[in-house]
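Sequential numbering of the sequence shown, starting at 208, is according to the working numbering.
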Amino acid sequence: MTEKLRKKLITALKIIVSAALIYFIFTKINLEDVVSTLKRSNPFYLILGVLLVVFSKVMAAFRLNLYFHEIGVKITQSSNLKLYLLGMFYNLFLPGGIGGDAYKGYVIQKEYKSGTKKVVSVLLLDRLSGMLLIFIYACIFSLLIKNGFFNDFNWLIVLAIPLSVVTFWLLHKKFFPYTLPIFWKSVGYSALVQLSQLVCILCILKSLSIDMATFEYLFVFLVSSIVSVIPLTIGGIGSREVTFLYGAKWLGLDASMSISISFVFFLITALISLFGIIYHFKKPKLEVVS
Numbered sequence: 208m209t210e211k212l213r214k215k216l217i218t219a220l221k222i223i224v225s226a227a228l229i230y231f232i233f234t235k236i237n238l239e240d241v242v243s244t245l246k247r248s249n250p251f252y253l254i255l256g257v258l259l260v261v262f263s264k265v266m267a268a269f270r271l272n273l274y275f276h277e278i279g280v281k282i283t284q285s286s287n288l289k290l291y292l293l294g295m296f297y298n299l300f301l302p303g304g305i306g307g308d309a310y311k312g313y314v315i316q317k318e319y320k321s322g323t324k325k326v327v328s329v330l331l332l333d334r335l336s337g338m339l340l341i342f343i344y345a346c347i348f349s350l351l352i353k354n355g356f357f358n359d360f361n362w363l364i365v366l367a368i369p370l371s372v373v374t375f376w377l378l379h380k381k382f383f384p385y386t387l388p389i390f391w392k393s394v395g396y397s398a399l400v401q402l403s404q405l406v407c408i409l410c411i412l413k414s415l416s417i418d419m420a421t422f423e424y425l426f427v428f429l430v431s432s433i434v435s436v437i438p439l440t441i442g443g444i445g446s447r448e449v450t451f452l453y454g455a456k457w458l459g460l461d462a463s464m465s466i467s468i469s470f471v472f473f474l475i476t477a478l479i480s481l482f483g484i485i486y487h488f489k490k491p492k493l494e495v496v497s
């Protein structure tokens, strides 16, 4: 099987899985309720939500540039932001071709010869740093939710927070010691990234006039963020919504409201990612810090 054919098959499979999940979702909820909810949304809070997601992406780009600088790739923040935006576009709109992370790694290695292993490593660590903070925030919200399942494991959840940080630090120290100097900076950026997205969800809740079970919705969003990273669908379409659907059933939330939240967040992310098409046609020139 040729590489080109393999990519086409993977793309087709992702489209099929996404379509199947979307179909499944709408067999479980009333589509009219979702549309009606979206029509009643407050545009002011949606615009604020867009700005918050933009801020989160800028912080994520800054975090990645920290890692780049540690392997000798000292590109400017401006150049890195353009490359990051192009990567977002590729991740969402060109899933069958070169993914966003793969493209960034390819460009960095081609231009600076930092070593494929190091480039791949920092791209992976960048992702894991984000996942760490998602996990920590999810643990915090699980402690705030009044649910018998969580209450039975409060002590374990509390212990898991410092344990996850220590484990991630040891991972850096043992396998990627050259990134250890920026460990806490990267964690700080990750905290800002996830916090701004959580505030975005609060804005979406406000826009949709949802003023109950706030911690539950935020927790489900965090879990859906982890699930959407699994490369089984096109840009996480379907997987995030299914997580919201079952999370709503588990925590006693309104299913239609949950799906509405998921759709709005996806549309915001897609809108921002679409601007990356500018650099698809005019590839960004990577400038070095003087």
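Just so it is clear, CB atoms sit at the ideal spot from N, CA and C, and this is done for glycine as well.
Looking at the structure shown, is residue i part of a helix, part of a strand, or coil, going by DSSP?
i: residue 471; result: helix
i: residue 427; result: helix
i: residue 242; result: helix
i: residue 303; result: At residue 303 the pLDDT is 48, less than 50, meaning the model places this residue with poor confidence and gives no usable figure here.
i: residue 372; result: helix
i: residue 282; result: strand
i: residue 496; result: coil
i: residue 247; result: coil
i: residue 483; result: coil
i: residue 419; result: coil
Please identify the residue among the options whose C-alpha is closest to the C-alpha of residue i.
i: residue 404; options: 481, 248 and 344; result: 344
i: residue 326; options: 275, 349 and 366; result: 275
i: residue 433; options: 286, 448 and 246; result: 448
i: residue 387; options: 375, 368, 411 and 350; result: 375
i: residue 450; options: 428, 335 and 369; result: 428
i: residue 478; options: 401, 244, 300 and 430; result: 300
i: residue 335; options: 358, 263 and 390; result: 390
What residue range does the alpha helix (DSSP H) around residue i cover?
i: residue 312; result: 307-319
i: residue 461; result: Element bounds for residue 461: n/a, residue is neither H nor E.
i: residue 345; result: 323-351
i: residue 270; result: 250-277
i: residue 437; result: Where residue 437 is concerned, there is no enclosing alpha helix (DSSP H), given that its DSSP letter is neither H nor E.
Kindly list the residues whose CB is nearer than 8 Å to the CB of residue i, restricted to its own chain and excluding five residues on each side of it in sequence; keep chain order.
i: residue 352; result: 422, 423, 426 and 458
i: residue 273; result: 389, 392, 393 and 396
By Cβ distance below 7 Å, which residues in the same chain neighbour residue i in space, the five residues on each side in sequence not counted?
i: residue 399; result: 266
i: residue 487; result: 293 and 296
If you drop the 5 nearest sequence neighbours on each side, which residues of the same chain put their C-beta closer than 6 Å to that of residue i?
i: residue 381; result: none
i: residue 249; result: 414
i: residue 281; result: 495 and 496
i: residue 348; result: 422, 425 and 426
### Message
Quick check for students: name the residue ranges of the alpha helix (DSSP H) that lie wholly in the stretch 354-417, counting only runs of 4 or more.
### Response
355-358, 361-382 and 390-414
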